[in-house]
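Reading through the C-alpha cells given below for one structure.
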Amino acid sequence: MTSSINRAKLTHLLQSEEQLFHKTHPKSYELYQRARKSLHGGVPMLWMIRWAGSFPVFVREAKGARFTDADGNS
Numbered sequence: 029m030t031s032s033i034n035r036a037k038l039t040h041l042l043q044s045e046e047q048l049f050h051k052t053h054p055k056s057y058e059l060y061q062r063a064r065k066s067l068h069g070g071v072p073m074l075w076m077i078r079w080a081g082s083f084p085v086f087v088r089e090a091k092g093a094r095f096t097d098a099d100g101n102s
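So for the sequence shown, the working numbering puts the first residue at 29; every next one is plus one.
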C-alpha cells in the first residue's frame with residue numbers, strides 16, 4: 029500500500045504552529061527584530077538561521093538542562 033503526503037494539511041499544520049509560536053513568544057520576536065539591526069540574520073552565528081521556526085528563542089536564564097526564555101516559557 030502506498031500512502032502520499034497530504035501537502036495541504038501539512039501546510040495548514042505548519043501555519044498553525046507558526047501562529048502559536050508567534051503568540052507565545054512576542055518578546056523573543058521583539059528581541060529578534062532588534063538583533064537584526066546589528067547582527068547578520070539577527071543571530072550570533074549564521075548557521076542558526078537554519079533552525080526551525082520563524083525566529084530564534086531568546087534565553088533569559090538557564091540552569092543545568094533547563095532554561096527560561098524571554099517570554100517566561102520553560
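Even glycine gets a Cβ: it sits at the ideal position worked out from N, Cα and C.
Secondary structure of F49 (DSSP, three-state): helix.
Beta-carbon to beta-carbon, S82 and F49 are separated by about 7 Å, close enough to satisfy the 8 Å threshold. When N34, E46, H53 and Q61 are compared, the shortest CA-CA separation from G100 is found for H53. Looking at the DSSP output, K91 shares a beta bridge with R94. A distance below 8 Å between beta-carbons, with the five flanking residues on each side excluded, links L59 to the following residues of its chain, in chain order: F86 and A98.
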